[in-house]
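See structure below.
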Amino acid sequence: VFVCEHVFWGGKCEAKSYNLGTDECSLLDEQTSSVRPDPGFLCIFYTNAVCRDFNDGNDSIALKYPGSDDLCETDEGDFNDQLRAFQCFRDVD
């Protein structure tokens with residue numbers, strides 16, 4: 226997963242690793258404004274560090290490649306600088 230601290234892939238960017246096929250969460254630092262899952266994967270990003278929905282799905286966003294270059298404006302709302310963890314799975318679509 227490729228993440229950047231500013232919208233439109235600006236600021237500090239890095240590739241985050243994750244473990245497939247586990248319930249393990251990969252952590253983020255709440256300074257993510259752009260995110261791009263790897264091709265062929267579905268990633269769920271959470272506003273908490275335990276990778277669980279506590280608010281009827283309003284605390285997570287599911288994204289596929291090419292992801293979102295502006296987490297301020299997504300179909301699910303504003304997730305800018307709010308993401309704390311993620312999990313990725315092979316996309317079956």
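Each residue of the sequence shown is one higher than the one before, starting from 226 at the first, in our numbering. Think of the CB as a built atom: it goes at the ideal place given N, C-alpha and C, for glycine as much as any other residue.
Grab the span of the beta strand (DSSP E) containing residue i for me, first residue to last.
| i | result |
| --- | --- |
| residue 288 | 285–289 |
For residue i, which residues does DSSP report across the bridge?
| i | result |
| --- | --- |
| residue 228 | 239, 260 |
| residue 302 | 299 |
| residue 252 | 310 |
| residue 315 | 266 |
Could you name the residues of the same chain whose beta carbon sits closer than 7 Å to that of residue i, not counting the 5 residues immediately before and after it, in chain order?
| i | result |
| --- | --- |
| residue 307 | 255, 272 |
Using a Cβ-Cβ cut-off of 8 Å (strictly less than) and excluding sequence neighbours within five positions of residue i, which residues of its own chain qualify?
| i | result |
| --- | --- |
| residue 252 | 274, 309, 310 |
Check: Pairing CB atoms from the stretch 257–272 with CB atoms from the stretch 287–298, are three or more of them under 8 Å?
Finding: yes
Check: Is it true that the stretch 228–236 meets the stretch 275–286, where meeting means three or more beta-carbon pairs spaced less than 8 Å apart?
Finding: no
Next item on the list: Give a yes or no on contact between the stretch 243–253 and the stretch 294–301, applying the rule of three or more CB pairs nearer than 8 Å.
Entry: no
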